[in-house]
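Novice: Residue numbers (the working numbering): 60 to 412. I have a structure I would like to understand better, so I am pasting it below and will then ask my questions one at a time.
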């Protein structure tokens, strides 16, 4: 690749998140929404979901295959916890309607195993979920891949968890009881390893590939935050889960950097972006964009990690200069003060049209 071409790419890779450096609070710190009383029909639809999850937790039901996919992301939450927004990708052909009921149960298998070793008289009802919630969701139209997606979130300390998600079609208030009871329940059991982002070691959030990043006039209400779990403060992020891009598209990236070592209260972090092509003969370096520097000279006045400000790294890279093909973006995060670094990879495809 010519030097001119490299300079072009470096010049047009612009920051879309610079204004967020001090604006993004720890995820999941909003107030908990006030619970409301369930109606009879809501209780009836959720009961079947609760029973299926209970049977799976008791070992009476073992899901053979995943009826849908789950994509979790990890961000630093509050009070030592990790905030885990996730998206379910579901074939719309599995529903005869546009509304679903969802039951989420996050289980820590370690305490349950310890109890079983101590006594045979285990009482599942006495075990408390790490996180538990239920939702009635109106589905959006299918995406370009003909799949529907719905997003929610949970919060948990770092550790390994069994996450149960039960989904069924919702008939709503006007549904007949017989028809309601006849509808099948889809159950996903997924083992999720939640990272501990509260250590003293350099850490990052998941690298979010965004379809859209939009500023909001004010933070969301607790109820709105549940519906839009990828919203951070006054920034709403719509993730892009399909890693296929046309040449006219931009690769929008956003990532938070945690726990840098401070000098006089300020971090000194460098984030580098190196693109590699994937070929039949192996991997070749393709290009790079200008690195980002987060230090006393580049961060805005008043920046303070101790006050809750966070380093938000990211770039928006136009793909018009990328030949069609498969790529690996290597993101290198270096804590210059501590002398440590991390690597995060993003795989993506550029299409000819």
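The beta carbon of each residue, even a glycine, is placed where N, CA and C say it ideally should be.
Using alpha carbons as the reference points, say which of 265, 223, 240, 229 lies closest to residue 249.
Specialist: Residue 249 has its Cα closest to that of 223, out of 265, 223, 240, 229.
Novice: What is the residue span of the alpha helix (DSSP H) that residue 252 lies within?
Specialist: That residue, residue 252, is in no alpha helix (DSSP H); its beta strand (DSSP E) goes 245–253.
Novice: With a threshold of 8 Å on Cβ separation, who are the neighbours of residue 343 within its own chain once the five nearest residues in sequence on each side are excluded?
Specialist: 335, 336
Novice: Kindly identify the DSSP beta-bridge partner or partners of residue 406.
Specialist: 387
Novice: What's the gap between the Cα of residue 380 and the Cα of residue 306?
Specialist: 8 Å
Novice: Cβ-heavy atom distance between residue 143 and the ligand MN below 7 Å?
Specialist: Questions concerning the ligand MN fall outside what the structure shown contains, since it holds no ligand whatsoever.
Novice: State the CB to CB distance for the pair residue 289 and residue 298, rounded to an integer number of angstroms; the pair is presumed to be in contact (CB under 8 Å).
Specialist: 6 Å
Novice: Which residues does DSSP pair with residue 377 in a beta bridge?
Specialist: For residue 377, the beta-bridge partners assigned by DSSP are 309.
Novice: Could you compute how far the alpha carbon of residue 164 sits from the alpha carbon of residue 209?
Specialist: 16 Å
Novice: Candidates 324, 246, 254: which alpha carbon is nearest residue 132's?
Specialist: 254
Novice: How many angstroms separate the CA atom of residue 416 from the CA atom of residue 123?
Specialist: This structure leaves residue 416 out entirely; the chain is present only between 60 and 412.
Novice: Within its chain, find whatever has a CB closer than 8 Å to the CB of residue 394; leave out the 5 residues flanking it on each side and keep chain order.
Specialist: 261, 319, 320, 326, 327, 328, 400
Novice: For the beta strand (DSSP E) that contains residue 209, what are its first and last residues?
Specialist: It spans 207–215 - the beta strand (DSSP E) in which residue 209 sits, taken as one unbroken run.
Novice: Provide the residue(s) that pair with residue 103 in DSSP beta bridges, ordered along the chain.
Specialist: Beta-bridge pairing links residue 103 to no other residue.
Novice: Let me know the beta strand (DSSP E) ranges lying completely inside the region 294–359, each 3 residues or longer, listed in chain order.
Specialist: For the region 294–359, the continuous beta strand (DSSP E) assignments of 3+ residues that do not extend past its boundaries occur at 294–298, 303–305, 309–317, 328–338, 341–353, in sequence order.
Novice: Quick one: using the 10 Å Cβ neighbour count with 16 as the cut-off for buried, is residue 183 buried or exposed?
Specialist: Annotation note: pLDDT 49 at residue 183 (below 50); position unreliable, coordinate value reported separately. The residue in question, residue 183, is exposed, as its Cβ has fewer than 16 Cβ neighbours within 10 Å.
Novice: For residue 112, collect the residues of the same chain with a Cβ closer than 8 Å to its Cβ; drop the 5 residues on either side in sequence, then sort them by chain order.
Specialist: Within the same chain, residue 112 has close Cβ partners 162, 164, 223, 225, 246.
Novice: Within its chain, find whatever has a CB closer than 8 Å to the CB of residue 108; leave out the 5 residues flanking it on each side and keep chain order.
Specialist: 160, 161, 162, 193, 225, 226, 227, 244
Novice: Going by DSSP, what residues sit across from residue 135 in a beta bridge?
Specialist: 141
Novice: When the Cα atoms are used, what is the spatial distance from residue 148 to residue 378?
Specialist: 26 Å
Novice: Please report the straight-line C-alpha distance between residue 404 and residue 391, rounded to a whole angstrom.
Specialist: Cα-Cα distance, rounded: 9 Å.
Novice: So, are the CB atoms of residue 410 and residue 239 less than 8 Å apart?
Specialist: Going by C-beta atoms, residue 410 is not nearer than 8 Å to residue 239.
Novice: Can you find the residues in the same chain that come closer than 6 Å, C-beta to C-beta, to residue 242, ignoring five residues on each side of it along the sequence?
Specialist: 227, 228
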